[in-house]
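Novice: So the sequence shown is residues 1 to 840, counted in this note's numbering.
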Amino acid sequence: MFQGHLFSTLSICFLWKDIMSCDVNKLPAARLPGDFMIGGIFILHDRFANLSNRTYSDDLTCNRLTIDGMIHALAMIYTIDQLNNMNFLPGITFGYEIYDSCSDILKATQATLRLFPEIVQLKNSTDCNHTEIIPSVKALIGAQYADISAAISRLLSVHFIPQISPASSEEALSDKLNFPSFLRTVPSDTHLMQAIVKLIKTFEWNFVGIISSDDDHGLSVLHLLNKYFEQQQICAAFTKIVSSFDDDPSLHEELDDILNTIINSSTNVVFVFAKYSIVKKLFEKAIIRNISRTWVSGGTWINSRETSNIANIEKVGTVLGFSVHVGVIPGFSEYLQNLKPPVNGSTNLFLEEYKELRFGCDEKYKNYMACINSSRECRQYVPVVEKSTLACRLDNVSYTNDDYLVDLFQWQTAYTTVLAVSAIAQAFKNIVWKHGTLAKDLMVTPRQVPFSNCTKPCSPGHFRSLSSQSCCYECIPCPEGYYTSAPDMDDCSKCANTTWSKSGSAHCEDRKIEYLEWENPLAVAVMVLASLGFLLLLITGTLFIKYNQTPAVKAAGGRYSYVMIISLLLSLTSLCFFIGKPNDTICQIRQPLYGISFTICVCCILVKSLRIILAFKFAIRFVHLPKIVYKPIIIIIVLTGVQICICTLWLILKRPTCKEIYTIPKVLVLQCDEGSYVPFGVMLGYIACLALACFILAYKGRKLPEKYNEASTITFSMLIYMFVWIIFIPVFMNTGNTYHSAVQSVAILASVYGVIFCHLLPTSYIILFKRRSNNRQRYLQTIRSYCGVTRATFPLTQKKFNIYGTQTNFNAGPEVKNFPQSKAKSMHNFSPGRKRRKSF
1 MFQGHLFSTL SICFLWKDIM SCDVNKLPAA RLPGDFMIGG IFILHDRFAN LSNRTYSDDL
61 TCNRLTIDGM IHALAMIYTI DQLNNMNFLP GITFGYEIYD SCSDILKATQ ATLRLFPEIV
121 QLKNSTDCNH TEIIPSVKAL IGAQYADISA AISRLLSVHF IPQISPASSE EALSDKLNFP
181 SFLRTVPSDT HLMQAIVKLI KTFEWNFVGI ISSDDDHGLS VLHLLNKYFE QQQICAAFTK
241 IVSSFDDDPS LHEELDDILN TIINSSTNVV FVFAKYSIVK KLFEKAIIRN ISRTWVSGGT
301 WINSRETSNI ANIEKVGTVL GFSVHVGVIP GFSEYLQNLK PPVNGSTNLF LEEYKELRFG
361 CDEKYKNYMA CINSSRECRQ YVPVVEKSTL ACRLDNVSYT NDDYLVDLFQ WQTAYTTVLA
421 VSAIAQAFKN IVWKHGTLAK DLMVTPRQVP FSNCTKPCSP GHFRSLSSQS CCYECIPCPE
481 GYYTSAPDMD DCSKCANTTW SKSGSAHCED RKIEYLEWEN PLAVAVMVLA SLGFLLLLIT
541 GTLFIKYNQT PAVKAAGGRY SYVMIISLLL SLTSLCFFIG KPNDTICQIR QPLYGISFTI
601 CVCCILVKSL RIILAFKFAI RFVHLPKIVY KPIIIIIVLT GVQICICTLW LILKRPTCKE
661 IYTIPKVLVL QCDEGSYVPF GVMLGYIACL ALACFILAYK GRKLPEKYNE ASTITFSMLI
721 YMFVWIIFIP VFMNTGNTYH SAVQSVAILA SVYGVIFCHL LPTSYIILFK RRSNNRQRYL
781 QTIRSYCGVT RATFPLTQKK FNIYGTQTNF NAGPEVKNFP QSKAKSMHNF SPGRKRRKSF
């Protein structure tokens with residue numbers, strides 16, 4: 001039982017969307033329009049034609065029409081027709097809408113949701129008072145099997161929609177906590193078990209066998225029977241569980257195993273709780289194997305004509321059973337003998353199918369009849385419904401009838417359904433007619449009062465604008481962003497910030513959330529360029545590490561070029577925080593990460609420029625000045641520390657946060673609010689100051705040796721930075737909120753690529769393609785040429801330089817006597833063979 005309930009619950013939860021899929025072929029099996037509609041779900045077919053090829057929940061074709069389910073549906077139709085004919089509720093007609101469950105829980109659930117679409121409409125409702133729901137279909141009759149009834153009841157009980165089952169007897173359905181709106185017109189299995197135990201005690205049996213199906217009803221009966229057996233000290237010789245589907249591939253093996261167990265057991269009484277299709281196969285096998293026992297059951301198949309028509313049924317032994325007491329249904333037999341096509345707007349697809357199966361002439365039947373009239377050996381023809389002798393003799397089978405249904409149907413099947421319909425009709429009568437008068441709140445169209453007002457009521461989405469007369473007013477649509485959920489409202493309510501509504505709306509809808517998504521083409525372009533820059537930096541870093549002892553790498557900054565590369569990598573990494581859904585943490589990380597990392601990069605450029613200037617401009621005049629002034633690590637730490645302090649104060653005093661912007665209709669923009677643009681501007685301005693310092697040093701070193709002259713590269717890279725961020729300000733202010741992050745990402749990319757192309761790639765080009773120039777002698781020659789030009793201006797004695805690992809000597813003139821003696825001494829007599837010492 002638990003497995004069946006679990007399956008029904010999972011079916012509803014996971015296949016909700018498929019259940020409500022719109023399919024014009026999923027029409028009701030029968031329908032009659034009326035003022036009060038009654039739904040019906042019965043097993044009109046019990047097999048699927050394409051179960052093995054099923055690809056989605058609604059992809060099923062039912063076949064093999066069942067007489068039992070058809071009788072349930074016809075009894076319901078007959079009763080409703082009788083109520084309408086006798087004018088049971090004057091001026092009010094009953095209608096019906098019947099669906100086929102195909103003996104499948106999912107199909108039954110689909111049918112329930114088509115009968116009661118209000119259940120789906122309320123799934124997004126904020127109104128928790130589900131008892132106020134007024135469905136178009138007022139009640140449901142069905143289903144036959146307990147597991148299907150339980151699945152339907154779990155849906156309907158949420159809204160207390162009445163459900164009456166004419167056949168489900170499972171004891172668990174009596175639990176009003178789990179099934180508060182479930183009713184039935186058959187007794188529960190508890191009464192059946194008590195009767196069975198009484199029968200056993202009467203015949204003084206104490207050793208019996210039990211066969212039960214593996215569905216909810218079979219397992220429930222088995223549980224109850226074992227409970228009573230323990231109380232009455234009755235022993236079970238064996239307990240066998242059999243499949244509940246007659247087309248199960250393993251069914252024949254299960255039945256053979258059961259019969260073997262019966263043969264090997266000493267018990268002569270077997271209790272069977274299974275569907276008729278399973279019992280029929282069991283009896284047919286028992287007849288073949290000549291097994292005779294006493295069979296006891298409470299199923300309706302016990303006294304059915306189908307059971308008695310089984311060939312050699314007397315060989316199975318004695319069949320005992322329990323049936324519900326039923327009354328007579330006046331006129332129902334005559335109704336079955338005179339079934340006519342639907343009229344008055346009604347439809348009945350299963351009746352048309354039955355007439356075609358009973359009286360129609362399909363190709364298989366034609367071939368079979370032709371075969372048996374010949375001398376050939378004919379293949380057995382087993383029709384779903386036994387063919388009438390009138391088959392293939394009539395052109396129009398719609399009005400053809402016989403006694404076939406009267407001979408087969410069971411009164412219990414029809415009677416319990418008639419009771420269910422009668423109970424619903426009587427309940428309607430009690431509700432509608434209060435103290436002999438029609439209840440005003442339940443009035444239907446034929447009894448509505450004529451309309452005589454100045455103005456029609458304002459529909460939801462409009463508000464009333466009163467005129468000079470109090471009875472007259474004008475209905476004005478609510479403006480955008482406002483709504484009215486009820487008619488005749490005096491004012492419109494404003495939608496919450498996270499929602500929006502069109503003009504004349506009765507409810508608000510969630511805004512579409514917008515931000516720079518990863519799938520955005522601009523974001524994709526930014527990340528592609530960032531990835532390319534990342535790759536260039538990694539390749540450049542690898543080259544610098546491999547050729548770290550070459551003059552070109554040392555002239556480019558030596559070990560500080562690695563710091564520059566790492567800082568540029570961090571700047572590119574910060575771009576990841578400008579794309580995607582923002583939050584407070586991301587907003588607080590992205591600006592400081594870029595500001596600090598790019599500050600380190602500019603500091604490295606500044607240090608490199610300063611080193612060249614000190615080496616060539618001041619080392620000749622002031623020997624000890626470069627060593628005193630040039631402290632690269634301290635310079636980088638101090639200058640970067642200033643930027644860190646700026647960012648820290650920014651985060652403490654006015655930190656960036658994620659902000660929701662509602663200025664655009666229908667859209668909620670998620671954007672980082674920088675908190676204050678003052679620290680943001682100070683951060684960028686500080687980098688600009690460092691860039692300006694680089695400009696000044698570049699100008700000072702414009703006449704330095706060719707190999708060390710980087711005035712043009714520094715000028716271009718810093719010009720790019722300053723130009724980009726100057727343009728950034730007006731573009732940023734005039735761009736939509738969604739693309740603010742994209743604008744800054746482009747600015748960051750331009751700044752980083754300016755440094756890469758102006759500083760790093762030229763050195764990489766020399767390393768890869770100018771290897772002859774990348775040697776010590778070429779750099780020495782550059783330095784000597786520069787010294788030869790400046791000798792007349794700064795005449796010194798022999799002096800040895802070590803510029804990024806490149807060492808040279810040159811001679812000064814007699815003017816050296818003008819220097820102090822101690823300095824002159826230190827500048828004379830440097831021999832070329834002296835061990836080279838590390839110098840600036």
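Beta carbons: idealized from backbone N, C-alpha and C, even for Gly.
Everything numeric in this text was worked out from a predicted model, so none of it was measured.
1. Spell out the partners DSSP gives Y765 in its beta bridges.
2. Go ahead and pull the three-state DSSP assignment for E474.
3. Alpha carbon to alpha carbon, what distance is there between E254 and G218?
4. Given 8 Å as the limit, is there contact between the region 570-577 and the region 591-606, that is, 3 or more CB pairs closer than that?
5. If you draw a straight line from the alpha carbon of S764 to that of T540, how long is it in whole angstroms?
6. Shortest alpha-carbon distance to P582 belongs to which of V669, P679, K201, I211?
7. Can you tell me whether C364 is buried or exposed, with buried defined as 16 or more other CB within 10 angstroms of its CB?
8. Assuming A506 and G461 form a contact by the criterion Cβ under 8 Å, report the distance between their Cβ atoms to the nearest whole angstrom.
9. Using DSSP with H/G/I as helix, E/B as strand and the rest coil, what is S165?
10. With DSSP as the reference, label T400 as helix, strand or coil.
11. In chain order, what are the residue ranges of uninterrupted beta strand (DSSP E) at least 3 long that sit wholly in the region 658-684?
12. Counting along the chain, where does the alpha helix (DSSP H) carrying M489 start and finish?
13. Have a look at D673 and L651 and give me their C-alpha separation to the nearest angstrom.
14. Would you mind stating whether A236 and I210 have Cβ atoms separated by less than 7 Å?
15. Taking 8 Å as the cut-off, does the region 263-273 touch the region 281-297 (at least 3 CB pairs, one atom from each stretch)?
16. State the Cα-Cα distance for the pair I634 and T498, rounded to the nearest angstrom.
17. Going by beta carbon distance, what residues of the same chain come within less than 7 Å of P263, once the five residues before and after it are set aside?
18. Kindly indicate which residue of T640, K659, L697, T663 has the alpha-carbon position closest to the one of Y686.
19. Candidates P762, F238, L183, G39: which alpha carbon is nearest F544's?
20. Quick check: the region 311-324 against the region 277-291, are there 3 or more CB pairs under 8 Å?
21. How is V343 classed by DSSP in three states: helix, strand or coil?
22. Would T389 be called buried (16 or more neighbouring beta carbons within 10 Å of its own) or exposed?
23. Please report how far the alpha carbon of Y368 lies from the alpha carbon of G40, in whole angstroms.
24. Can you find at least 3 beta carbon pairs, one from the region 651-660 and one from the region 714-734, that sit closer than 8 Å?
25. By alpha-carbon positions, which one of V242, R771, V421 ends up nearest to I258?
26. How about I105 and A151: do their beta carbons lie closer than 7 Å?
27. Is DSSP giving A691 helix, strand or coil here?
28. Is it the case that the Cβ atoms of S741 and L575 are separated by a distance below 7 Å?
29. If you follow the beta strand (DSSP E) that D100 is part of, which residue opens it and which one closes it?
30. Secondary structure at L177, three-state DSSP: helix, strand or coil?
31. Are the region 426-434 and the region 338-347 touching, with three or more C-beta to C-beta distances below 8 Å?
32. Where does the unbroken alpha helix (DSSP H) through G218 begin, and where does it stop?
33. Take every Cβ of the region 687-695, pair it with every Cβ of the region 530-540, and state whether three or more of those distances are shorter than 8 Å.
34. Put R771 into one of helix, strand or coil per three-state DSSP.
35. Use the C-beta contact count for R305: other C-beta atoms within 10 angstroms, 16 or more gives buried, fewer gives exposed.
36. In three-state terms, what does DSSP make of C454?
Specialist: Taking the definition as stated:
1. Indexing the sequence shown from 1 puts residue 765 at position 765. According to DSSP, which records beta bridges pairwise, Y765 is partnered with nothing at all.
2. On the sequence shown, position 474 is the one that residue 474 refers to. Strand.
3. In the sequence shown, the residue the question calls residue 218 occupies position 218. In the sequence shown, the residue the question calls residue 254 occupies position 254. Rounded to whole angstroms, G218 to E254 spans 16 Å at the Cα level.
4. The region 570-577 is in contact with the region 591-606.
5. Position 764 of the sequence shown, counting from 1, holds the residue named residue 764. Position 540 of the sequence shown, counting from 1, holds the residue named residue 540. Distance between the alpha carbons of S764 and T540: 6 Å.
6. Stepping through the sequence shown from its first residue, residue 582 is reached at position 582. Among V669, P679, K201, I211, the Cα nearest to that of P582 belongs to V669.
7. Residue 364 sits at position 364 when you count from the first residue of the sequence shown. As written in the sequence, residue 364 is Lys, which differs from the Cys given in the question. The residue is exposed, with fewer than 16 neighbouring Cβ atoms inside 10 Å.
8. Position 506 of the sequence shown, counting from 1, holds the residue named residue 506. Position 461 of the sequence shown, counting from 1, holds the residue named residue 461. Yes, they are in contact, since the Cβ atoms of A506 and G461 sit about 4 Å apart, within 8 Å.
9. Position 165 of the sequence shown, counted from the start, is the residue given in the question as residue 165. Of the three classes helix, strand and coil, the one that applies to S165 here is strand, per DSSP.
10. Translated into positions along the sequence shown, residue 400 becomes position 400. T400: coil per DSSP, three-state reduction.
11. 667-673
12. Within the sequence shown, residue 489 is the residue found at index 489, counting from 1. It is not in any alpha helix (DSSP H) - M489 carries neither H nor E in the DSSP assignment.
13. Position 673 of the sequence shown holds residue 673. Position 651 of the sequence shown holds residue 651. Approximately 12 Å, taken between the alpha carbons.
14. Residue 236 sits at position 236 when you count from the first residue of the sequence shown. Residue 210 sits at position 210 when you count from the first residue of the sequence shown. The answer is yes: Cβ separation under 7 Å.
15. yes
16. Along the sequence shown, one-based indexing puts residue 634 at 634. Along the sequence shown, one-based indexing puts residue 498 at 498. In this structure, the alpha-carbon of I634 lies about 51 Å from that of T498.
17. Start at 1 with the first residue of the sequence shown, and residue 263 comes out as number 263. The sequence given here has Ile at residue 263, not Pro. Answer for I263: I291, listed in chain order.
18. Within the sequence shown, the letter at position 686 stands for residue 686. Nearest of T640, K659, L697, T663 to Y686, Cα basis: T640.
19. The residue given as residue 544 occupies position 544 in the sequence shown. The shortest Cα separation from F544 among P762, F238, L183, G39 belongs to P762.
20. yes
21. On the sequence shown, position 343 is the one that residue 343 refers to. The answer is coil: DSSP assigns V343 none of H, G, I, E or B.
22. Within the sequence shown, the letter at position 389 stands for residue 389. Of the residues assessed, T389 falls on the exposed side of the cut-off, its CB having fewer than 16 other CB atoms within 10 angstroms.
23. The residue given as residue 368 occupies position 368 in the sequence shown. The residue given as residue 40 occupies position 40 in the sequence shown. Spanning the two alpha carbons is a distance of roughly 37 Å.
24. Too few Cβ pairs lie closer than 8 Å, so no.
25. Working through the sequence shown from its first residue, we reach residue 258 at position 258. Selected option, being the one with the closest Cα: V242.
26. Position 105 of the sequence shown, counted from the first residue, corresponds to residue 105. Position 151 of the sequence shown, counted from the first residue, corresponds to residue 151. Their beta carbons are under 7 Å apart, which means I105 touches A151 by this criterion.
27. Looking up residue 691 in the sequence shown gives position 691. The answer is helix: DSSP assigns A691 an H, G or I state.
28. Taking the first residue of the sequence shown as 1, we reach residue 741 at position 741. Taking the first residue of the sequence shown as 1, we reach residue 575 at position 575. Not in contact: S741 and L575 (Cβ atoms no closer than 7 Å).
29. Within the sequence shown, residue 100 is the residue found at index 100, counting from 1. Element bounds for D100: 94-100.
30. In the sequence shown, counting from the first residue as 1, residue 177 sits at position 177. Residue state, collapsed to three classes: coil.
31. Flag = no, the region 426-434 and the region 338-347 do not touch.
32. The residue given as residue 218 occupies position 218 in the sequence shown. According to the DSSP assignment, G218 belongs to the alpha helix (DSSP H) that extends over 216-232.
33. no
34. Mapped onto the sequence shown, residue 771 falls at position 771. If DSSP states are grouped into helix, strand and coil, R771 belongs with coil.
35. Within the sequence shown, residue 305 is the residue found at index 305, counting from 1. So R305 ends up on the exposed side.
36. Here residue 454 refers to the residue found at position 454 when the sequence shown is read from its first residue. Correct three-state label for C454: coil.
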